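One structure is given below, encoded as structure tokens.
In this note's numbering, the protein residues as written are -4 to 568.
Structural data, given as structure tokens:
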């Protein structure tokens, strides 16, 4: 099985970043985050014919460029630990193809082959690669594709990564119109170019049959190009997710409904300049018997970046909140960087291995019951799995270890911060997990109760009250103690409930969402991640552990009673 790289290029924002936004200040938490790329691979089964590869890539690159306007720091370059130069140098985009079918890979997934779907070496110590985001789109020989995305952790956590990908997917138009087999012909329209002003861009999307969308145009939502929002398309600007002047025309063509969206980058000019702007576009619509034509909404004012009425609008990115709540530090303790590197990354002498396990809803329910106690009568799925897995590992090693868990502190403020807050809003809860007494099994309820107490102690306002200077000093002291004592720290994180299976770029929901395989060089160690499984209620456990821990899990009958090693993606349980 081989993956061939066809091209690499840099995608820049659709419009230049304004001068007053050229410098982005990271937060204190950004500064303390680990310098590596977070990897994700997303597989799609229902992708158009591989021969249509240029169209697929052009659509993705165009929408990626538009998305970068709202996430402009990701198109810049980090300057040390202290600022991001928002110079619009762009993100990396790689085109690739395979010599094998998607079904061939998914039948028995080779985890190490996942790395060939990634544009950079992820989960490894990286400080000078430049790109904050890198993506690779690989198209399989008989249809289907995989998008491999890597985000630099010093500027984005998993929630920011998820929000960006959702915005990108929402900005990518689906197949614009029905297939030629179902259409009597085509009509191509050239719009004249009267002036040499800024262009207005036009895009269209086939919405379905008239009977399926209803007669009241005001009820039509906007899941269409080039943005996605659940707000109704009504007069006024509050329901629009992008800072653009626009005009929208809905056209009824027989039984078909087509939407033409006119938009351009924000300008300070008024209506006169807009109407005199250069119209340089070409679009195509499928022609039927034209029975209706109307203008549903025309709003030529400049609008805000987002709609306040839609809390799930992923374009509602808040870029400044992190540095406002957690101001960056001008300097760190002298040994901080070395302590952090030794804590998070292997030195190359010990071999760390990737494994994937799948837990069914039935297995998860049984483990939650097993983990319950008077202190925690209803543990969450993640709490139960963390207590169970860490308990099995520590029992097998026969010595204590530290178990830490990543916490999304956006939810730990009162009131909670927006989920669209940009950057790193992740802190950690940690407990010491001791081995069981001789002749006893792991005390899973005790582990879960201790972790619940540690998780409950993480509050955003308390972290703010400590201050970045004190937090950096305590963090460095703890890292130094752990490194010198040689204590193993098992780092758990949950990527569940981030909506990765809702990433629809126009080909439907993903068939599978995965992490990555083994990697060389200095890479993260003792890492355990929970991802949503393909089937409803499943959780996938991805571990990057040493040979000792892998040997324990591979041979632990009780663990394997609940967790299935790397099952086929094509078999539905």
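Positions of the beta carbon are idealized from the N, C-alpha and C atoms, including for glycine.
Keep in mind the model is a prediction, meaning the values are calculated, not measured.
For residue 507, the enclosing beta strand (DSSP E) stretches over residues 507 to 509. By the C-beta criterion, the region 415 to 427 is judged not to be in contact with the region 374 to 384, since fewer than 3 inter-stretch pairs fall below 8 Å.
Annotation: the region 138 to 170 contains the following complete segments of the alpha helix (DSSP H) (minimum length 4 residues), in chain order: 153 to 166. Just so you know, the alpha carbons of residue 134 and residue 72 end up roughly 29 Å apart. Using a Cβ distance threshold of 8 Å, residue 346 and residue 542 count as a contacting pair. Spanning the alpha carbons of residue 449 and residue 335 requires a straight line of approximately 22 Å.
Within the model, the alpha-carbon separation for residue 95 versus residue 509 is close to 19 Å. Bridge pairing for residue 400: 424, 487 [DSSP]. Contact check for residue 38 against residue 537 fails: the beta carbons are separated by 8 Å or more. Your pair residue 321 and residue 24 checks out as a contact, with CB atoms roughly 5 Å apart and the cut at 8 Å.
When beta bridges are read from the DSSP output, residue 87 appears opposite 5, 129. Secondary structure of residue 416 (DSSP, three-state): strand. In this structure, residue 366 places its C-beta atom within 8 Å of the C-beta atom of residue 378. DSSP places residue 447 in the uninterrupted alpha helix (DSSP H) bounded by 439 to 451. The secondary-structure analysis by DSSP pairs residue 347 across a beta bridge with 541.
With three or more CB-CB distances shorter than 8 Å, the region 68 to 84 counts as touching the region 146 to 155. Non-local C-beta neighbours of residue 403 in its own chain, meaning closer than 7 Å and more than five positions away in sequence, comprise 154, 420, 421, ordered along the chain. In the three-state reduction of the DSSP assignment, residue 324 falls in the coil class, being assigned neither a helical nor a strand state. Residue 564 carries a coil assignment under DSSP once its states are collapsed to helix, strand and coil. Residue environment for residue 13: exposed (fewer than 16 other C-beta atoms within 10 angstroms of its C-beta).
Within the same chain, and ignoring the five residues on either side of residue 163 in sequence, the residues whose Cβ sits closer than 7 Å to its Cβ are 58, 59, 62. Looking from the CA of residue 21, the closest CA among 492, 410, 324 belongs to 324. Cβ contact annotation for residue 6 (same chain, cutoff 6 Å, sequence separation greater than five): 56, 59, 60, 85, 86, 88, in chain order. For the 8 Å CB-CB criterion, residue 400 and residue 487 form a contact.
A distance below 6 Å between beta-carbons, with the five flanking residues on each side excluded, links residue 79 to the following residues of its chain, in chain order: 19, 68, 71, 73.
Short of 8 Å from the beta carbon of residue 81, and not among the five residues preceding or following it, lie these beta carbons of its own chain, in chain order: 12, 16, 17, 18, 19, 67, 68, 70, 71. Separation of the CB atoms of residue 0 and residue 117 is rounded to 16 Å, and the pair is thereby denied contact status at 8 Å.
For the 8 Å CB-CB criterion, residue 40 and residue 108 do not form a contact. Boundaries of the beta strand (DSSP E) around residue 32: 32 to 39. According to the DSSP assignment, residue 72 belongs to the beta strand (DSSP E) that extends over 72 to 74.
For the pair residue 426 and residue 445, the CB atoms are nearer than the 8 Å cut-off. In the structure shown, the three-state DSSP call for residue 385 is helix. Excluding the 5 residues flanking it on each side, residue 4 has same chain C-beta neighbours closer than 7 Å at 88, in chain order.
In the DSSP assignment, residue 79 falls within the beta strand (DSSP E) that extends over 78 to 80. Between residue 525 and residue 316, the C-beta spacing is not below 8 Å. Within its own chain, the residues whose Cβ lies closer than 7 Å to the Cβ of residue 8, once the five positions on either side in sequence are excluded, are 60, 63, 64, 67, 70, 83, listed in chain order.
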